[in-house]
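Residues 1 to 83 in the UniProt record's numbering are what the sequence shown lists, from first letter to last.
For every residue, glycine included, the Cβ atom is placed at its ideal position computed from N, Cα and C.
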Amino acid sequence: MNIVPAAIEAQINRVDRQRSLWIGISLAVLAVGSFFRLLWMLYVSMAFGAFAGPLAFHVVFSLIVGAAAAVGAIGFLTRYHKG
């Protein structure tokens, strides 16, 4: 099962192998940070229920950024692993 779409994978394969490692690691760190931020925002919204409404945009934004970073990290790290 391939998570990365074929058009994006074709673009990723044009990147140098060493640069793919650095981009993949950077995107993985971004995805983990986004996930941590999402958990933190959910904790804050549960602790202070009145602030759950204004955090809705930030929760959705963190989900989108984290998902995009995770897909990119998988693509670039797979490119590095294949050689």
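May I ask which residues mark the beginning and end of the alpha helix (DSSP H) holding residue i?
i: residue 49; result: Careful: residue 49 lies outside any alpha helix (DSSP H) and carries neither H nor E.
i: residue 14; result: Unbroken run through residue 14: none, as it is neither H nor E.
i: residue 75; result: 56-82
In angstroms with no decimal places, state the Cα-to-Cα distance between residue i and residue j.
i: residue 61; j: residue 82; result: 32 angstroms
i: residue 35; j: residue 64; result: 10 angstroms
i: residue 8; j: residue 69; result: 13 angstroms
i: residue 56; j: residue 67; result: 17 angstroms
i: residue 58; j: residue 46; result: 15 angstroms
i: residue 21; j: residue 78; result: 9 angstroms
Would DSSP call residue i helix, strand or coil?
i: residue 3; result: coil
**Prompt:** When the Cβ atoms of the region 45-60 are set against those of the region 12-20, are three or more pairs found closer than 8 angstroms?
**Reply:** Result no; under three Cβ-Cβ pairs closer than 8 angstroms.
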